[in-house]
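Below is one structure, written out as structure tokens; comments come after it.
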């Protein structure tokens, strides 16, 4: 009976530690950027179509979460490569597992990194679903990208900037920018 109680106690402790790890990883995301909100495949499709993603192009997803936008880019739009920056280790693990299961690990890369400090790779399209304060802080980095880069923000405008193109509807707000718009 004592052995059973000890095993049960260890299992409960492991469960509590697991829950604490998951909650703390989401708290990190909340304090250092934007909270994670899953992107429905239909919304990912709309974003990438609005940005004019073409086969063979590269996508950079800032705050990539579980990888939904990256998977849509390579599977439906035939993007050459999709790179996601994410700070939450649980979401990174989830995206990597999903990439393996979908057999697109060679095309989808999730990087544990801070979008404010890490060097960005070349990208034809940059996708974001970040709150206005995060976008404001990120603006100088986006402005420094090559002029042909297309930057799409879902949900939030970049304060003080007129988008190149916008789509506002009852359930979807998309804003397309060029780096020169942000200078």
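Residue numbers (this note's numbering): 238 to 420.
All residues carry an ideal CB built from backbone N, CA and C; glycine is no exception.
Could you tell me which of the options sits nearest to residue i, measuring between CA atoms?
i, options, result
"residue 400", "418, 368, 304, 380", "418"
"residue 331", "317, 275, 287, 353", "275"
"residue 408", "392, 321, 242", "392"
"residue 303", "287, 370, 320", "320"
"residue 272", "384, 359, 368, 311", "368"
"residue 335", "308, 279, 242", "308"
"residue 366", "322, 238, 420", "322"
"residue 402", "383, 287, 420, 239", "287"
"residue 420", "384, 355, 312", "384"
For residue i, count neighbouring C-beta atoms within 10 Å of its own C-beta (all shown protein chains included) and say buried if the count is 16 or more, exposed if not.
i, result
"residue 318", "buried"
"residue 297", "buried"
"residue 374", "exposed"
"residue 415", "buried"
"residue 294", "buried"
"residue 372", "buried"
"residue 370", "exposed"
"residue 248", "exposed"
"residue 280", "buried"
"residue 382", "buried"
"residue 285", "buried"
If I'm right that residue i touches residue j with Cβ under 8 angstroms, what's the distance once you round it to whole angstroms?
i, j, result
"residue 411", "residue 283", "7 angstroms"
"residue 389", "residue 362", "7 angstroms"
"residue 306", "residue 364", "5 angstroms"
"residue 387", "residue 289", "6 angstroms"
"residue 218", "residue 315", "Given a span of 238 to 420 for the chain in the structure shown, any question on residue 218 remains unanswerable."
"residue 398", "residue 345", "About 30 angstroms; that fails the 8 angstroms criterion."
Just to check, is the beta-carbon of residue i closer than 7 angstroms to a non-hydrogen atom of the ligand FAD?
i, result
"residue 249", "Absence of the ligand FAD is noted for the structure shown, with no ligands found whatsoever."
* **Within the stretch 321-368, ranges of the alpha helix (DSSP H) (whole runs, at least 4 residues)** => Listed in chain order, they are 326-338.
* If we count Cβ pairs, one from each stretch, closer than 8 angstroms, do we get three or more for the stretch 376-395 versus the stretch 339-348? -> no
* Asked: At what residue ranges does the stretch 289-318 contain a whole run of the alpha helix (DSSP H), taking only runs of 4 or more?
  -> 305-312
* Should the stretch 322-331 be regarded as contacting the stretch 343-353, the criterion being three or more beta carbon pairs within less than 8 angstroms? -> yes
* What residue ranges within the stretch 367-417 form continuous beta strand (DSSP E) runs of no fewer than 3 residues, ordered along the chain? -> Counting only runs of at least 3 residues, the stretch 367-417 fully encloses the following beta strand (DSSP E) elements, listed from N- to C-terminal order: 387-391, 402-405, 410-414.
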